[in-house]
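Colleague: To start, I am sharing the structure in question, which I have written as C-alpha coordinates.
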Amino acid sequence: MRLPVPPTDDSAIRAWVDDQLGDLTTPPPRASDPPARGGQTAADAALQSFDVTGYARRRNEVWPPQRRGASRLSPYIRHGLLSLREVWDHVAGGPPPDVAKFRDELRWQEYARHLYARVGVASSESLRYNVIEHTEPAPEQWSSEARCLDLCWSELAAGWLTNQSRMWLASHWTVRQGWGWRDGEELMFRHLLDGSRAANRLGWQWTVGALTGKAYGFSRWQVEKRAPGLCASCPLERRCPIARWPATQDPERRNTTDSRLRHDNHPDITGGPATPRHTAEPEAVWMTAESLSDRDPAVAAHPGLPVVFVFDEPLLRRLRLSQNRLVFLAQSLADLATRREVQVHRGDPVQVLYDMALATTFAPVPGWRRRASRLDVGALYPWPWLERPRSGSVGSFTAWAKARRS
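FYI, in the UniProt record's numbering the residues of the sequence shown are 1 to 406.
In C-alpha coordinates, the structure reads:
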(Lines of atoms letter the chains of each structure in order from A and count residues from 1; the text may use other names and numbers.)
(Lines give C-alpha, C1' and ligand atoms only; values in the text may rest on other atoms or scores of the structure.)
Protein backbone atom coordinates (compact mmCIF):
# COMPACT_ATOMS: atom_id res chain seq x y z
CA MET A 1 0.00 0.00 0.00
CA ARG A 2 1.43 3.35 -1.04
CA LEU A 3 1.45 5.88 1.81
CA PRO A 4 1.61 9.66 1.67
CA VAL A 5 5.06 11.06 2.39
CA PRO A 6 5.32 11.95 6.09
CA PRO A 7 4.94 15.66 6.89
CA THR A 8 7.92 17.72 8.00
CA ASP A 9 5.89 19.46 10.69
CA ASP A 10 6.72 17.95 14.08
CA SER A 11 3.19 18.60 15.33
CA ALA A 12 1.77 16.48 12.49
CA ILE A 13 4.30 13.63 12.36
CA ARG A 14 2.88 11.68 15.32
CA ALA A 15 -0.61 11.93 13.83
CA TRP A 16 0.81 10.55 10.56
CA VAL A 17 2.31 7.58 12.40
CA ASP A 18 -0.97 7.03 14.26
CA ASP A 19 -3.00 7.13 11.05
CA GLN A 20 -0.71 5.08 8.81
CA LEU A 21 1.05 2.69 11.22
CA GLY A 22 -0.71 2.96 14.56
CA ASP A 23 -2.04 -0.60 14.50
CA LEU A 24 1.56 -1.89 14.28
CA THR A 25 3.07 0.07 17.17
CA THR A 26 3.33 -0.01 20.94
CA PRO A 27 2.33 3.32 22.53
CA PRO A 28 4.95 4.78 24.88
CA PRO A 29 4.23 3.39 28.37
CA ARG A 30 4.86 6.85 29.81
CA ALA A 31 3.97 10.04 27.94
CA SER A 32 7.15 11.33 26.35
CA ASP A 33 8.54 12.88 23.20
CA PRO A 34 11.41 11.18 21.36
CA PRO A 35 14.75 12.38 22.76
CA ALA A 36 16.19 12.86 19.26
CA ARG A 37 14.74 14.03 15.96
CA GLY A 38 15.14 11.80 12.94
CA GLY A 39 16.66 12.84 9.64
CA GLN A 40 19.92 13.77 7.96
CA THR A 41 19.61 17.43 8.90
CA ALA A 42 19.28 16.60 12.59
CA ALA A 43 22.04 13.98 12.39
CA ASP A 44 24.53 16.36 10.81
CA ALA A 45 23.70 19.09 13.32
CA ALA A 46 24.17 16.66 16.23
CA LEU A 47 27.55 15.56 14.92
CA GLN A 48 28.76 19.10 14.36
CA SER A 49 27.77 20.11 17.88
CA PHE A 50 29.51 17.15 19.54
CA ASP A 51 32.79 18.03 21.25
CA VAL A 52 34.75 15.00 22.43
CA THR A 53 36.61 17.01 25.07
CA GLY A 54 36.02 15.46 28.48
CA TYR A 55 34.46 12.29 27.09
CA ALA A 56 36.81 9.87 28.85
CA ARG A 57 36.03 11.40 32.24
CA ARG A 58 32.28 11.95 31.82
CA ARG A 59 31.06 9.18 29.50
CA ASN A 60 29.66 7.04 32.35
CA GLU A 61 27.90 9.85 34.23
CA VAL A 62 24.13 9.38 34.51
CA TRP A 63 22.63 12.18 36.61
CA PRO A 64 22.09 15.08 36.61
CA PRO A 65 21.88 15.12 32.79
CA GLN A 66 24.26 18.06 32.43
CA ARG A 67 27.06 15.88 33.85
CA ARG A 68 26.74 13.37 31.04
CA GLY A 69 29.48 13.00 28.47
CA ALA A 70 27.59 10.64 26.15
CA SER A 71 27.50 11.83 22.55
CA ARG A 72 23.80 10.95 21.99
CA LEU A 73 24.71 10.12 18.38
CA SER A 74 23.68 6.47 18.65
CA PRO A 75 20.22 6.78 17.02
CA TYR A 76 21.85 8.33 13.95
CA ILE A 77 24.62 5.74 13.85
CA ARG A 78 22.19 2.87 14.24
CA HIS A 79 20.10 4.03 11.26
CA GLY A 80 23.05 4.86 9.03
CA LEU A 81 22.42 8.61 9.08
CA LEU A 82 25.98 8.87 10.35
CA SER A 83 28.58 6.24 9.49
CA LEU A 84 31.11 5.11 12.07
CA ARG A 85 33.83 6.47 9.80
CA GLU A 86 32.25 9.94 9.72
CA VAL A 87 31.99 10.01 13.50
CA TRP A 88 35.52 8.59 13.87
CA ASP A 89 36.93 11.32 11.67
CA HIS A 90 34.92 14.07 13.37
CA VAL A 91 36.80 13.70 16.67
CA ALA A 92 40.27 13.80 15.08
CA GLY A 93 42.36 16.49 16.73
CA GLY A 94 40.58 16.30 20.08
CA PRO A 95 42.36 15.57 23.37
CA PRO A 96 44.14 12.22 22.84
CA PRO A 97 42.68 10.41 25.91
CA ASP A 98 39.16 11.46 24.93
CA VAL A 99 39.62 10.56 21.28
CA ALA A 100 41.06 7.16 22.19
CA LYS A 101 38.21 6.31 24.58
CA PHE A 102 35.50 7.53 22.19
CA ARG A 103 36.97 5.63 19.25
CA ASP A 104 37.18 2.54 21.42
CA GLU A 105 33.42 2.81 21.92
CA LEU A 106 32.94 3.13 18.16
CA ARG A 107 34.94 -0.05 17.73
CA TRP A 108 32.57 -1.76 20.18
CA GLN A 109 29.78 -0.80 17.80
CA GLU A 110 31.73 -2.25 14.89
CA TYR A 111 32.43 -5.41 16.86
CA ALA A 112 28.71 -5.77 17.54
CA ARG A 113 27.99 -5.50 13.83
CA HIS A 114 30.70 -8.03 12.94
CA LEU A 115 29.35 -10.49 15.51
CA TYR A 116 25.76 -10.12 14.32
CA ALA A 117 26.70 -10.25 10.64
CA ARG A 118 28.47 -13.55 11.30
CA VAL A 119 26.09 -15.42 13.62
CA GLY A 120 22.79 -13.65 12.86
CA VAL A 121 19.76 -14.95 14.73
CA ALA A 122 21.98 -17.25 16.82
CA SER A 123 22.82 -14.14 18.86
CA SER A 124 19.35 -14.38 20.39
CA GLU A 125 20.59 -17.31 22.51
CA SER A 126 23.24 -17.28 25.23
CA LEU A 127 26.39 -17.57 23.15
CA ARG A 128 29.03 -19.03 25.46
CA TYR A 129 27.56 -19.43 28.97
CA ASN A 130 24.11 -20.56 30.09
CA VAL A 131 22.06 -17.69 31.52
CA ILE A 132 18.29 -17.73 32.06
CA GLU A 133 16.68 -16.54 28.83
CA HIS A 134 12.92 -16.45 29.44
CA THR A 135 10.54 -15.92 32.34
CA GLU A 136 6.88 -16.94 32.07
CA PRO A 137 5.01 -14.73 31.82
CA ALA A 138 7.53 -12.21 30.54
CA PRO A 139 7.76 -9.40 33.10
CA GLU A 140 7.28 -5.75 32.19
CA GLN A 141 7.92 -2.93 34.60
CA TRP A 142 7.70 0.79 33.89
CA SER A 143 8.05 2.46 37.29
CA SER A 144 9.85 1.99 40.57
CA GLU A 145 9.96 3.72 43.93
CA ALA A 146 13.75 3.61 43.64
CA ARG A 147 14.67 6.83 41.88
CA CYS A 148 17.65 5.36 40.03
CA LEU A 149 15.50 2.64 38.47
CA ASP A 150 12.56 4.96 37.83
CA LEU A 151 14.90 7.34 35.99
CA CYS A 152 16.05 4.49 33.79
CA TRP A 153 12.51 3.31 33.07
CA SER A 154 11.30 6.81 32.20
CA GLU A 155 14.20 7.41 29.81
CA LEU A 156 13.73 4.00 28.19
CA ALA A 157 10.05 4.84 27.65
CA ALA A 158 11.16 7.95 25.74
CA GLY A 159 13.70 6.00 23.70
CA TRP A 160 17.25 6.66 24.84
CA LEU A 161 19.49 5.68 27.77
CA THR A 162 23.14 6.23 28.54
CA ASN A 163 25.21 3.07 28.23
CA GLN A 164 25.68 3.04 32.00
CA SER A 165 21.91 3.11 32.55
CA ARG A 166 21.42 0.24 30.09
CA MET A 167 23.86 -1.84 32.11
CA TRP A 168 22.04 -0.94 35.33
CA LEU A 169 18.68 -2.02 33.95
CA ALA A 170 19.99 -5.21 32.34
CA SER A 171 21.85 -6.21 35.49
CA HIS A 172 18.88 -5.44 37.74
CA TRP A 173 16.57 -7.38 35.42
CA THR A 174 18.56 -10.60 35.13
CA VAL A 175 21.39 -10.64 37.69
CA ARG A 176 19.35 -9.36 40.66
CA GLN A 177 15.73 -10.20 39.74
CA GLY A 178 16.53 -13.46 37.94
CA TRP A 179 14.35 -12.62 34.94
CA GLY A 180 15.12 -13.94 31.48
CA TRP A 181 17.60 -11.76 29.61
CA ARG A 182 15.96 -12.32 26.23
CA ASP A 183 12.71 -10.87 27.60
CA GLY A 184 14.58 -7.80 28.82
CA GLU A 185 16.50 -7.45 25.57
CA GLU A 186 13.24 -7.59 23.62
CA LEU A 187 11.68 -4.91 25.81
CA MET A 188 14.65 -2.61 25.45
CA PHE A 189 14.87 -3.21 21.69
CA ARG A 190 11.20 -2.29 21.32
CA HIS A 191 11.67 1.16 22.80
CA LEU A 192 15.22 2.37 22.11
CA LEU A 193 15.55 4.72 19.13
CA ASP A 194 18.96 3.13 18.54
CA GLY A 195 17.67 -0.38 19.15
CA SER A 196 19.51 -2.89 16.99
CA ARG A 197 19.84 -6.62 17.40
CA ALA A 198 23.59 -6.23 16.97
CA ALA A 199 24.34 -3.73 19.74
CA ASN A 200 21.42 -4.46 22.07
CA ARG A 201 21.98 -8.21 22.16
CA LEU A 202 25.72 -7.80 22.63
CA GLY A 203 25.11 -5.42 25.53
CA TRP A 204 22.77 -7.85 27.25
CA GLN A 205 24.97 -10.90 26.59
CA TRP A 206 27.95 -9.06 28.08
CA THR A 207 26.10 -7.64 31.10
CA VAL A 208 24.45 -10.88 32.21
CA GLY A 209 27.58 -12.99 31.64
CA ALA A 210 26.35 -15.04 28.67
CA LEU A 211 29.35 -13.95 26.61
CA THR A 212 32.13 -13.67 29.20
CA GLY A 213 31.01 -15.88 32.09
CA LYS A 214 31.14 -12.89 34.47
CA ALA A 215 27.95 -10.97 35.21
CA TYR A 216 27.97 -7.22 35.85
CA GLY A 217 26.59 -6.47 39.31
CA PHE A 218 24.55 -3.30 39.89
CA SER A 219 24.22 -1.77 43.35
CA ARG A 220 23.85 1.54 45.15
CA TRP A 221 27.60 2.06 44.89
CA GLN A 222 27.33 2.78 41.16
CA VAL A 223 24.41 5.15 41.68
CA GLU A 224 26.26 7.21 44.28
CA LYS A 225 29.28 7.37 42.00
CA ARG A 226 27.54 8.06 38.66
CA ALA A 227 24.41 9.90 39.84
CA PRO A 228 25.49 11.86 42.93
CA GLY A 229 22.59 13.26 44.93
CA LEU A 230 19.97 10.97 43.44
CA CYS A 231 19.86 8.64 46.44
CA ALA A 232 19.33 11.54 48.86
CA SER A 233 16.01 12.37 47.19
CA CYS A 234 14.84 8.75 46.93
CA PRO A 235 11.89 7.59 49.10
CA LEU A 236 13.74 4.30 49.58
CA GLU A 237 16.97 5.99 50.66
CA ARG A 238 16.89 4.24 54.08
CA ARG A 239 15.60 0.89 52.80
CA CYS A 240 17.40 0.72 49.49
CA PRO A 241 16.57 -2.42 47.47
CA ILE A 242 19.96 -2.34 45.77
CA ALA A 243 22.09 -1.44 48.78
CA ARG A 244 24.32 -4.48 48.34
CA TRP A 245 25.75 -6.32 45.40
CA PRO A 246 23.38 -8.93 44.00
CA ALA A 247 24.16 -12.53 44.83
CA THR A 248 25.76 -13.99 41.72
CA GLN A 249 27.02 -17.35 40.59
CA ASP A 250 29.29 -17.73 37.61
CA PRO A 251 27.21 -19.31 34.84
CA GLU A 252 28.14 -22.67 33.42
CA ARG A 253 29.87 -22.81 30.08
CA ARG A 254 27.68 -24.20 27.34
CA ASN A 255 28.45 -27.75 26.25
CA THR A 256 28.69 -26.61 22.65
CA THR A 257 29.17 -23.15 21.20
CA ASP A 258 28.68 -21.86 17.70
CA SER A 259 31.87 -22.60 15.75
CA ARG A 260 31.44 -19.31 13.92
CA LEU A 261 32.46 -17.48 17.07
CA ARG A 262 35.98 -18.83 16.55
CA HIS A 263 36.31 -18.66 12.78
CA ASP A 264 34.48 -17.42 9.69
CA ASN A 265 35.14 -19.48 6.58
CA HIS A 266 33.58 -16.85 4.33
CA PRO A 267 34.29 -13.33 5.61
CA ASP A 268 33.78 -11.94 2.11
CA ILE A 269 30.17 -13.16 2.23
CA THR A 270 29.69 -11.94 5.80
CA GLY A 271 30.93 -8.47 4.91
CA GLY A 272 29.17 -8.16 1.57
CA PRO A 273 30.71 -6.72 -1.58
CA ALA A 274 33.88 -4.65 -1.29
CA THR A 275 33.12 -2.79 -4.53
CA PRO A 276 29.85 -1.95 -6.32
CA ARG A 277 28.29 -4.73 -8.37
CA HIS A 278 26.23 -3.78 -11.42
CA THR A 279 24.19 -6.34 -13.34
CA ALA A 280 21.28 -4.21 -14.59
CA GLU A 281 20.14 -0.61 -14.83
CA PRO A 282 18.06 0.22 -11.72
CA GLU A 283 14.81 2.15 -11.79
CA ALA A 284 14.63 2.92 -8.06
CA VAL A 285 16.76 2.90 -4.92
CA TRP A 286 15.62 0.57 -2.16
CA MET A 287 16.30 2.22 1.20
CA THR A 288 16.09 0.33 4.49
CA ALA A 289 16.07 1.37 8.14
CA GLU A 290 19.71 0.28 8.35
CA SER A 291 20.83 3.14 6.12
CA LEU A 292 18.60 6.24 5.92
CA SER A 293 21.28 8.72 4.89
CA ASP A 294 21.50 11.02 1.89
CA ARG A 295 25.04 9.68 1.76
CA ASP A 296 23.97 6.03 1.63
CA PRO A 297 26.13 4.62 -1.19
CA ALA A 298 23.20 3.55 -3.39
CA VAL A 299 21.26 6.76 -2.76
CA ALA A 300 24.29 8.94 -3.52
CA ALA A 301 25.17 6.97 -6.67
CA HIS A 302 21.72 7.47 -8.21
CA PRO A 303 20.62 11.05 -7.53
CA GLY A 304 17.96 10.99 -10.24
CA LEU A 305 16.13 7.87 -9.10
CA PRO A 306 13.23 7.74 -6.63
CA VAL A 307 14.03 6.37 -3.18
CA VAL A 308 11.60 3.65 -2.09
CA PHE A 309 11.10 2.76 1.58
CA VAL A 310 8.77 -0.01 2.76
CA PHE A 311 7.44 -0.19 6.30
CA ASP A 312 7.63 -3.96 6.67
CA GLU A 313 4.12 -4.79 7.88
CA PRO A 314 4.66 -8.47 8.82
CA LEU A 315 7.84 -7.60 10.72
CA LEU A 316 6.38 -4.57 12.49
CA ARG A 317 3.26 -6.50 13.46
CA ARG A 318 5.51 -9.04 15.18
CA LEU A 319 7.94 -6.59 16.80
CA ARG A 320 5.40 -3.99 17.94
CA LEU A 321 8.02 -1.27 18.11
CA SER A 322 7.45 1.83 20.19
CA GLN A 323 5.56 4.61 18.48
CA ASN A 324 8.54 6.88 19.15
CA ARG A 325 10.77 4.60 17.06
CA LEU A 326 8.47 4.92 14.06
CA VAL A 327 8.22 8.68 14.58
CA PHE A 328 12.02 8.80 14.26
CA LEU A 329 11.89 6.80 11.01
CA ALA A 330 9.07 8.95 9.62
CA GLN A 331 10.98 12.14 10.45
CA SER A 332 13.99 10.77 8.59
CA LEU A 333 11.94 10.04 5.48
CA ALA A 334 10.21 13.42 5.65
CA ASP A 335 13.57 15.17 5.85
CA LEU A 336 14.96 13.23 2.89
CA ALA A 337 11.84 14.02 0.86
CA THR A 338 12.71 17.73 0.97
CA ARG A 339 15.70 16.92 -1.28
CA ARG A 340 14.75 13.72 -3.15
CA GLU A 341 11.71 11.95 -4.50
CA VAL A 342 10.71 9.49 -1.79
CA GLN A 343 8.06 6.81 -2.15
CA VAL A 344 6.76 5.28 1.08
CA HIS A 345 4.91 1.97 1.23
CA ARG A 346 3.44 -0.35 3.83
CA GLY A 347 3.45 -4.09 3.22
CA ASP A 348 5.76 -7.02 2.59
CA PRO A 349 8.92 -5.54 1.00
CA VAL A 350 9.33 -8.49 -1.38
CA GLN A 351 5.77 -8.11 -2.65
CA VAL A 352 6.03 -4.33 -2.96
CA LEU A 353 9.39 -4.36 -4.76
CA TYR A 354 9.31 -7.65 -6.68
CA ASP A 355 8.87 -6.14 -10.15
CA MET A 356 11.36 -3.26 -9.73
CA ALA A 357 14.99 -3.18 -10.83
CA LEU A 358 16.69 -1.90 -7.70
CA ALA A 359 19.85 -0.22 -6.52
CA THR A 360 20.53 -0.80 -2.85
CA THR A 361 23.27 -0.88 -0.23
CA PHE A 362 24.24 -4.17 1.41
CA ALA A 363 23.13 -4.38 5.04
CA PRO A 364 24.85 -6.78 7.49
CA VAL A 365 21.62 -8.17 8.93
CA PRO A 366 19.93 -11.49 8.13
CA GLY A 367 16.56 -9.91 7.27
CA TRP A 368 18.11 -7.86 4.49
CA ARG A 369 19.83 -10.93 3.04
CA ARG A 370 16.59 -12.91 2.95
CA ARG A 371 14.68 -10.17 1.19
CA ALA A 372 17.44 -9.13 -1.20
CA SER A 373 17.84 -12.71 -2.40
CA ARG A 374 14.25 -12.60 -3.67
CA LEU A 375 14.45 -9.20 -5.36
CA ASP A 376 15.88 -7.87 -8.62
CA VAL A 377 18.96 -6.05 -7.31
CA GLY A 378 20.68 -4.64 -10.36
CA ALA A 379 23.16 -2.43 -8.49
CA LEU A 380 24.54 -3.48 -5.10
CA TYR A 381 26.78 -1.17 -3.08
CA PRO A 382 29.17 -1.95 -0.19
CA TRP A 383 28.26 -1.37 3.42
CA PRO A 384 30.42 1.46 4.86
CA TRP A 385 32.36 -0.62 7.38
CA LEU A 386 34.80 1.02 9.73
CA GLU A 387 36.80 -2.20 9.33
CA ARG A 388 35.76 -5.03 7.03
CA PRO A 389 35.04 -8.39 8.70
CA ARG A 390 37.82 -10.97 8.76
CA SER A 391 37.96 -14.64 9.61
CA GLY A 392 39.27 -14.49 13.21
CA SER A 393 37.50 -14.90 16.53
CA VAL A 394 34.51 -12.79 17.56
CA GLY A 395 34.08 -14.65 20.85
CA SER A 396 34.93 -11.50 22.80
CA PHE A 397 35.82 -7.90 22.05
CA THR A 398 39.39 -8.59 23.16
CA ALA A 399 39.74 -11.58 20.83
CA TRP A 400 38.19 -9.62 17.97
CA ALA A 401 40.49 -6.64 18.54
CA LYS A 402 43.53 -8.93 18.73
CA ALA A 403 42.56 -10.58 15.45
CA ARG A 404 42.31 -7.14 13.84
CA ARG A 405 45.91 -6.37 14.80
CA SER A 406 47.34 -9.67 13.55
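From the three backbone atoms N, C-alpha and C, an ideal C-beta is built for every residue, glycine too.
By the DSSP assignment, the beta strand (DSSP E) with Phe311 in it spans what residues?
Modeller: Residue mapping note: residue 311 aligns to position 311 of the sequence shown, counting from 1. Note, Phe311: beta strand (DSSP E), 307-312.
Colleague: Run the CB neighbour count on Tyr116, radius 10 Å, all protein chains shown included, and call it buried at 16 or more, exposed below.
Modeller: Stepping through the sequence shown from its first residue, residue 116 is reached at position 116. The residue in question, Tyr116, is buried, as its Cβ has 16 or more Cβ neighbours within 10 Å.
Colleague: Less than 9 Å between the beta carbons of Ala36 and Phe397, yes or no?
Modeller: Position 36 of the sequence shown holds residue 36. Position 397 of the sequence shown holds residue 397. No, Cβ-Cβ distance for Ala36 and Phe397 is not below 9 Å.
Colleague: Trp168 and Gly184 - do their beta-carbons sit closer together than 9 Å?
Modeller: Translated into positions along the sequence shown, residue 184 becomes position 184. Translated into positions along the sequence shown, residue 168 becomes position 168. Taking 9 Å as the Cβ cut-off, Gly184 and Trp168 do not qualify as a contacting pair.
Colleague: In angstroms, rounded to a whole number, what distance separates the CA positions of Thr248 and Phe218?
Modeller: To locate residue 248, count along the sequence shown from 1; it is residue 248. To locate residue 218, count along the sequence shown from 1; it is residue 218. Straight-line Cα distance between these residues: approximately 11 Å.
Colleague: Would Arg340 pass as a contact of Val310 if the rule is Cβ separation under 9 Å?
Modeller: In the sequence shown, residue 340 corresponds to position 340, counting from 1. In the sequence shown, residue 310 corresponds to position 310, counting from 1. The Cβ atoms of Arg340 and Val310 lie no closer than 9 Å to each other.
Colleague: Classify Gln40 as buried or exposed, calling it buried when 16 or more other Cβ atoms lie within 10 Å of its own Cβ.
Modeller: Sequence index remark: in the sequence shown, residue 40 carries index 40 (1-based). When all chains shown are included, Gln40 counts as buried.
Colleague: Can you tell me whether DSSP reads Tyr216 as helix, strand or coil?
Modeller: Along the sequence shown, one-based indexing puts residue 216 at 216. DSSP places Tyr216 in coil when its eight states are reduced to three.
Colleague: Determine the closest residue to Thr135 out of Gln177, Leu151, Asn163, with distance taken between C-alpha atoms.
Modeller: Locating residue 135 in the sequence shown gives position 135, counting from the first residue. Residue Gln177 is the option with its Cα nearest to Thr135.
Colleague: Please look up how many angstroms separate the CB atoms of Arg201 and Ser123, rounded, as I've assumed it's under 8 Å.
Modeller: Taking the first residue of the sequence shown as 1, we reach residue 201 at position 201. Taking the first residue of the sequence shown as 1, we reach residue 123 at position 123. Yes, Arg201 and Ser123 are in contact; Cβ-Cβ is about 5 Å, under 8 Å.
Colleague: Excluding the 5 residues preceding and the 5 following Thr270 in the sequence, name in chain order all residues of the same chain whose CB lies nearer than 6 Å to its CB.
Modeller: Mapped onto the sequence shown, residue 270 falls at position 270. Once the five neighbours on either side are set aside, the close Cβ partners of Thr270 are Ala117, Arg118, Asp264, Pro389.
Colleague: Give me, in chain order, the residues of the same chain whose beta-carbon lies closer than 8 Å to that of Ala92; leave out the 5 immediate sequence neighbours on both sides.
Modeller: Sequence index remark: in the sequence shown, residue 92 carries index 92 (1-based). Cβ within range, chain order: Val99.
Colleague: CA-CA distance, Val208 and Trp368?
Modeller: On the sequence shown, residue 208 is found 208 positions in, with the first residue counted as 1. On the sequence shown, residue 368 is found 368 positions in, with the first residue counted as 1. Val208 and Trp368 have their C-alpha atoms roughly 29 Å apart.
Colleague: Have a look at Leu336 and Tyr216 and give me their C-alpha separation to the nearest angstrom.
Modeller: Here residue 336 corresponds to residue number 336 of the sequence shown, with the count starting at 1. Here residue 216 corresponds to residue number 216 of the sequence shown, with the count starting at 1. Their backbone Cα atoms lie some 41 Å apart in a straight line.
Colleague: I believe Ala159 touches His191 by the beta-carbon criterion, under 8 Å. Please report the beta-carbon distance rounded to the nearest angstrom.
Modeller: Locating residue 159 in the sequence shown gives position 159, counting from the first residue. Locating residue 191 in the sequence shown gives position 191, counting from the first residue. It should be noted that the sequence gives Gly, not Ala, for residue 159. That belief holds up - the Cβ atoms of Gly159 and His191 are roughly 6 Å apart, short of 8 Å.
Colleague: Counting along the chain, where does the beta strand (DSSP E) carrying Val87 start and finish?
Modeller: In the sequence shown, residue 87 corresponds to position 87, counting from 1. Here Val87 belongs to no beta strand (DSSP E); instead the alpha helix (DSSP H) covers 84-90.
Colleague: What residues in its chain sit with their C-beta under 7 Å from that of Leu82, if we drop five residues either side in the sequence?
Modeller: For this step, residue 82 is matched to residue 82 along the sequence shown. Correct list, in chain order: Ala43, Leu47, Leu73, Tyr76.
Colleague: Residues in the same chain with beta-carbon distance under 6 Å from Met287, minus the five sequence neighbours each way, listed in chain order, please.
Modeller: Start at 1 with the first residue of the sequence shown, and residue 287 comes out as number 287. The answer, listed in chain order, is Val307, Phe309.
Colleague: Work out the CA separation of His79 and Ser293 for me, nearest whole Å.
Modeller: Residue 293 sits at position 293 when you count from the first residue of the sequence shown. Residue 79 sits at position 79 when you count from the first residue of the sequence shown. Take the alpha-carbon of Ser293 and the one of His79: they are about 8 Å apart.
Colleague: Within the stretch 340-399, note down every full beta strand (DSSP E) run reaching 3 residues or more, in order along the chain.
Modeller: 342-347, 357-361, 376-381
Colleague: Please classify residue 430: does DSSP put it in a helix, a strand, or coil?
Modeller: What is shown of the chain runs 1 to 406, which leaves residue 430 out entirely.
Colleague: Tell me the rounded alpha-carbon separation between Ser373 and Arg147.
Modeller: Residue 373 sits at position 373 when you count from the first residue of the sequence shown. Residue 147 sits at position 147 when you count from the first residue of the sequence shown. In a straight line, the C-alpha of Ser373 is about 49 Å away from that of Arg147.
Colleague: Determine, using beta carbons only, whether Thr275 and Val377 come nearer to each other than 9 Å.
Modeller: Taking the sequence shown and counting its residues from 1, the one referred to as residue 275 is at position 275. Taking the sequence shown and counting its residues from 1, the one referred to as residue 377 is at position 377. It is not a contact, given that the beta carbons lie outside the stated cut-off.
Colleague: Anyone know if the C-beta pair for Ala198 and Val365 falls short of 9 Å?
Modeller: Within the sequence shown, residue 198 is the residue found at index 198, counting from 1. Within the sequence shown, residue 365 is the residue found at index 365, counting from 1. Cβ distance < 9 Å, so Ala198 and Val365 count as in contact.
Colleague: Bridge partners for Ala284 per DSSP, in chain order?
Modeller: Against the sequence shown, residue 284 aligns to sequence position 284. The partner list for Ala284 (beta bridge, DSSP) reads Leu358.
Colleague: Check each candidate in Glu155, Ile132, Glu133 and name the one with the smallest Cα separation from Ser143.
Modeller: Indexing the sequence shown from 1 puts residue 143 at position 143. Minimum Cα distance to Ser143 is reached at Glu155.
Colleague: Out of Asn130, Arg371, Pro241, which has the shortest C-alpha to C-alpha gap to Thr256?
Modeller: Taking the sequence shown and counting its residues from 1, one reaches residue 256 at position 256. Checked all of Asn130, Arg371, Pro241; the closest Cα to Thr256 is Asn130.
Colleague: Between which residues of its own chain and Val350 is the CB-CB distance below 8 Å, once the five residues before and five after are set aside?
Modeller: Sequence index remark: in the sequence shown, residue 350 carries index 350 (1-based). Answer for Val350: Arg371, Arg374, Leu375, listed in chain order.
Colleague: Alpha carbon to alpha carbon, what distance is there between Gly38 and Glu125?
Modeller: Locating residue 125 in the sequence shown gives position 125, counting from the first residue. Locating residue 38 in the sequence shown gives position 38, counting from the first residue. Those two C-alpha atoms are separated by around 31 Å.
Colleague: Do Trp400 and Tyr111 come within 9 Å of each other at the CB atom, strictly closer than that value?
Modeller: Here residue 111 refers to the residue found at position 111 of the sequence shown. Here residue 400 refers to the residue found at position 400 of the sequence shown. Cβ atoms of Tyr111 and Trp400: closer than 9 Å.
Colleague: Less than 9 Å separating the beta-carbons of Phe189 and Leu21?
Modeller: By one-based count along the sequence shown, residue 189 stands at place 189. By one-based count along the sequence shown, residue 21 stands at place 21. Taking 9 Å as the Cβ cut-off, Phe189 and Leu21 do not qualify as a contacting pair.
Colleague: Thr41 by DSSP, collapsed to three states: which one?
Modeller: Taking the sequence shown and counting its residues from 1, the one referred to as residue 41 is at position 41. Thr41 carries a helical assignment under DSSP once its states are collapsed to helix, strand and coil.
Colleague: To which residues of the same chain is Leu211 closer than 6 Å at the C-beta, ignoring the five residues directly before and after it?
Modeller: Mapped onto the sequence shown, residue 211 falls at position 211. Taken in chain order, the residues that qualify are Leu127, Arg128, Gln205.
Colleague: For a test of the three-state rule: what should DSSP assign to Thr53, helix, strand or coil?
Modeller: The count along the sequence shown starts at 1 and reaches residue 53 at position 53. Residue state, collapsed to three classes: coil.
Colleague: Relative to the alpha-carbon of Arg220, which residue among Gly213, Leu236, Asp250 has its alpha-carbon at the smallest distance?
Modeller: Counting from 1 along the sequence shown, the entry for residue 220 is found at position 220. Among Gly213, Leu236, Asp250, the Cα nearest to that of Arg220 belongs to Leu236.
Colleague: Quick one: is Thr338 buried, meaning 16 or more other Cβ sit within 10 Å of its Cβ, or exposed?
Modeller: Your numbering for residue 338 matches position 338 in the sequence shown. Note on Thr338: under 16 other CB atoms within 10 angstroms of its CB, so exposed under the neighbour-count rule.
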